[in-house]
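Everything below concerns the one structure shown next.
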Amino acid sequence: MKRPPKPIAEDAGWIPDEFEGERHFVTALARGLEILRCFRKGELGLTNADFAERTGLPKATVSRLTFTLTKLGYLTLSPDSGRYRLGAGVLSLGYSMLSGLDIRTRARPLLQELATAADASVALGARDRLAMVYLECARGPGTVTLSLDVGSRVTLGTSAMGRALLAALPDGERDYLLRAMKDRMPDAYPRIVEGVERAREEIAAQGFCTSFGDWQADVNAVGVAILNDEGAPIFGLNCGAPAFKLSQERLMQEFGPRLVEIAAILGRGTV
332 MKRPPKPIAE DAGWIPDEFE GERHFVTALA RGLEILRCFR KGELGLTNAD
382 FAERTGLPKA TVSRLTFTLT KLGYLTLSPD SGRYRLGAGV LSLGYSMLSG
432 LDIRTRARPL LQELATAADA SVALGARDRL AMVYLECARG PGTVTLSLDV
482 GSRVTLGTSA MGRALLAALP DGERDYLLRA MKDRMPDAYP RIVEGVERAR
532 EEIAAQGFCT SFGDWQADVN AVGVAILNDE GAPIFGLNCG APAFKLSQER
582 LMQEFGPRLV EIAAILGRGT V
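For reference, each letter of the sequence shown is one residue, going 332 to 602 in my numbering.
Written as structure tokens, this is what we have:
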């Protein structure tokens with residue numbers, strides 16, 4: 332699959348090289364799914380030219396893919412503007428995925444209790460390529476500036492929950508993801524590596540890691556990975572708020588340890 336030398340979108344157009352030539356890998360299906368990944372939060376619609384730029388696919392291929400996805404209900408086309416939006420079929424898939432996650436139900440009261448105590452945003456997330464996707468969120472009574480919700484994405488290498496998950500991964504898998512970040516985000520890569528190494532040290536020492544101004548300059552957060560019964564990281568948790576509302580000291584002394592306790596509870600009985 333052709334990819335641009337300097338990808339435009341972090342998540343579109345990234346099909347690992349080892350999949351190319353794999354006998355059971357259906358490239359046409361992969362390309363169609365890459366089209367759906369091109370959309371970013373707040374965009375009103377994309378044209379075929381936008382899809383081609385973000386995926387590196389030929390425009391003729393993009394036109395066939397968008398036509399097919401529209402017929403299947405995964406895209407809708409505005410005849411006046413020539414722009415595509417995500418269709419109801421995508422929402423149906425996402426809802427089916429979320430409704431099958433028992434951990435969301437178990438996590439909800441625990442997250443809300445911590446969010447209320449810290450007056451912060453607390454979230455459960457899972458890795459999707461080079462990002463963490465929020466699966467469940469809770470907010471404190473005064474938290475209005477962090478508007479992330481279910482489905483929001485935060486960067487894997489700079490967010491607290493992303494770093495926690497990376498730190499808990501086996502060396503080979505972590506190195507693979509770091510190489511992918513180096514390829515797609517070369518300017519940010521040194522800072523990402525430094526943050527992940529610091530996260531490994533912090534987790535070894537205290538069970539959770541920090542992201543103080545790394546994901547966003549004015550946001551303090553702590554993160555931890557949820558491990559299943561076999562010790563494999565499967566989800567991430569974070570607790571964060573604007574720096575003027577929640578100090579580093581309180582996160583380190585009070586809410587980081589509570590996040591570790593929640594992760595231990597949620598990890599029990601999972602596979």
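The beta-carbon is built from N, C-alpha and C at its ideal position, and this holds for glycine as well.
Computed from a prediction, not measured in an experiment: that's the story for all the values here.
- Put simply, the backbone Cα of R484 is about 22 Å away from that of E528.
- Just measuring C-alpha positions, the residue of F566, G418, Y405 sitting nearest A499 is F566.
- For S542, the uninterrupted beta strand (DSSP E) run begins and ends at 540–543, by DSSP.
- The segment 410–417 makes contact with the segment 361–378; the number of CB pairs closer than 8 Å reaches 3 or more.
- Taking 8 Å as the cut-off, the Cβ atoms of I434 and T541 do not count as close.
- Short of 8 Å from the beta carbon of T401, and not among the five residues preceding or following it, lie these beta carbons of its own chain, in chain order: T407, L408, Y415, G418.
- Short of 8 Å from the beta carbon of R362, and not among the five residues preceding or following it, lie these beta carbons of its own chain, in chain order: M332, T386, L388, T392, L396.
- DSSP places V555 inside the beta strand (DSSP E), whose first and last residues are 550–558.
- With contacts defined as CB atoms closer than 8 Å, T486 and A462 qualify as a contacting pair.
- In this structure, G554 is the residue among E525, T436, G554 with its C-alpha nearest to the C-alpha of V453.
- Excluding sequence positions up to five before and after A552, its CB lies within less than 6 Å of the CB of A491, S542, N569, G571, all in the same chain and listed in chain order.
- By the neighbour-count criterion, in which 16 or more other beta carbons inside 10 Å mark a residue as buried, V357 falls on the exposed side.
- Across the set Y426, R458, S578, G544, the C-alpha of R458 shows the shortest separation from the C-alpha of I557.
- Residue nearest to P573 within the set L479, L466, G503, P440 is L479 (criterion: CA-CA distance).
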